[in-house]
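First residue of the sequence shown: 734, per the numbering used here; consecutive thereafter. All remarks here apply to the structure that follows.
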Amino acid sequence: MWYNTLMDHDQIQTVLHKVLGDDLKNDVSLRDYTTMRVGGASDFFYEAKVIDNLILALRACFEHDIPYIVLGSGSNVIFSDAGFPGLVVHNMTSNVSFIPEKSQVIVDSGTIYARLITEAASRGFGGIEYWFGLPGTIGGAVHNNAETWGHDMGEVVKQVTMMLPPADGKPERIEQVGIEWMQYRYRGSRLFGFWLCLCAYGLYARFR
Ligand SMILES: Cc1cc2nc3c(=O)[nH]c(=O)nc-3n(C[C@H](O)[C@H](O)[C@H](O)COP(=O)(O)OP(=O)(O)OC[C@H]3O[C@@H](n4cnc5c(N)ncnc54)[C@H](O)[C@@H]3O)c2cc1C
Numbered sequence: 734m735w736y737n738t739l740m741d742h743d744q745i746q747t748v749l750h751k752v753l754g755d756d757l758k759n760d761v762s763l764r765d766y767t768t769m770r771v772g773g774a775s776d777f778f779y780e781a782k783v784i785d786n787l788i789l790a791l792r793a794c795f796e797h798d799i800p801y802i803v804l805g806s807g808s809n810v811i812f813s814d815a816g817f818p819g820l821v822v823h824n825m826t827s828n829v830s831f832i833p834e835k836s837q838v839i840v841d842s843g844t845i846y847a848r849l850i851t852e853a854a855s856r857g858f859g860g861i862e863y864w865f866g867l868p869g870t871i872g873g874a875v876h877n878n879a880e881t882w883g884h885d886m887g888e889v890v891k892q893v894t895m896m897l898p899p900a901d902g903k904p905e906r907i908e909q910v911g912i913e914w915m916q917y918r919y920r921g922s923r924l925f926g927f928w929l930c931l932c933a934y935g936l937y938a939r940f941r
């Protein structure tokens, strides 16, 4: 397999295993992680269940120039039959914190959208029902500016916590950005054009 890095497969295995331990998997069939059920295998595969692990995995990829992709529910991704030559980080983060006095919720990007809506409704919050049938995670919806019934993410997302890749000789950084930063357009955002895929891993939504 060809890599856009000076390391070969075994060296990448060593680097990633050191950071991710035995949760690092090899040759995982990607068809099992996408809605379309097609595609080959990922050389390396990791399920991040908490934000810190998401950060660790991406930091290792940044530091060693290892190709990676952050995968949510896989409802908007098709992998090649050749598979993915790098690390697929399956985002399983799922922490949801409601702040009733501010009518806000802080939610990990791996949270399934339908679960958020259901939990919000059970607490009497409204305003995000439009997206009920949307398959996928918060991270995928924020990345794509998911839209339905004429409503998009820009209407409810106030802030996003981003992990920005290294740039201009500076290491990666974690920043909270306002919704303007995302440059939302119809089913698209600034994240599409960035030189390395970003990792949005949390957001604030105010329910109206
Ligand atoms: C039956 C069906 C109906 C759909 N209906 C709609 C609809 O009505 N409106 C609509 O807008 N879309 C729709 N979609 C498309 C899709 O469901 C949405 O775009 C959804 O938000 C994708 O979320 P996901 O978690 O599945 O993302 P994935 O498919 O896993 O990923 C999509 C992209 O987002 C990136 N990404 C995922 N998580 C993150 C993250 N945390 N940080 C940075 N990048 C990330 C991935 O790298 C990838 O490039 C539909 C899809 C299906 C299959």
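For each residue, glycine too, the CB sits at the ideal point set by N, CA and C.
With burial defined as no fewer than 16 other Cβ atoms inside 10 Å of the residue's Cβ, what is the status of residue i: buried or exposed?
i      : result
Gly902 : exposed
Gly866 : exposed
Thr768 : exposed
Trp928 : The predicted position of Trp928 is uncertain, since its pLDDT is 38 and thus under 50; a value taken from the coordinates is nonetheless stated next. With fewer than 16 other Cβ atoms within 10 Å, it is exposed.
Ser855 : exposed
CB-CB under 8 angstroms to residue i, same chain, minus the five flanking residues each way: which ones, in chain order?
i      : result
Gln916 : Ser922, Arg923
Val821 : Val761, Leu763, Tyr766, Ser775, Phe777, Phe778, Tyr779, Tyr801, Ile802, Leu804
Is the beta carbon of residue i within less than 8 angstroms of some heavy atom of ligand 1?
i      : result
Arg920 : yes
Asn824 : yes
Tyr917 : no
Ala879 : yes
Pro800 : no
Val910 : no
Leu820 : no
Ala874 : yes
Which residues bound the beta strand (DSSP E) around residue i?
i      : result
Asn878 : Neither: Asn878 is in no beta strand (DSSP E) and is coded neither H nor E.
Val821 : 817-824
Where do the ends of the alpha helix (DSSP H) carrying residue i lie?
i      : result
His923 : With the sequence shown as reference, residue 923 is identified as Arg, and His is not the correct amino acid for it. Careful: Arg923 lies outside any alpha helix (DSSP H) and carries neither H nor E.
Gln916 : Where Gln916 is concerned, there is no enclosing alpha helix (DSSP H), given that its DSSP letter is neither H nor E.
Asp944 : In the structure displayed, the chain extends from 734 to 941; residue 944 sits before or after that span and is not available.
Between which residues of its own chain and residue i is the CB-CB distance below 7 angstroms, once the five residues before and five after are set aside?
i      : result
Val783 : Thr826
Ala774 : Asp760, Val761, Ser762, Leu763, Gly816
*Mind listing, in chain order, the continuous alpha helix (DSSP H) runs of no fewer than 4 residues lying wholly within the stretch 775-799?*
784-797
*Please go through the stretch 846-913 and give each complete alpha helix (DSSP H) segment of 4 or more residues, from N-terminal end onward.*
846-855, 871-877
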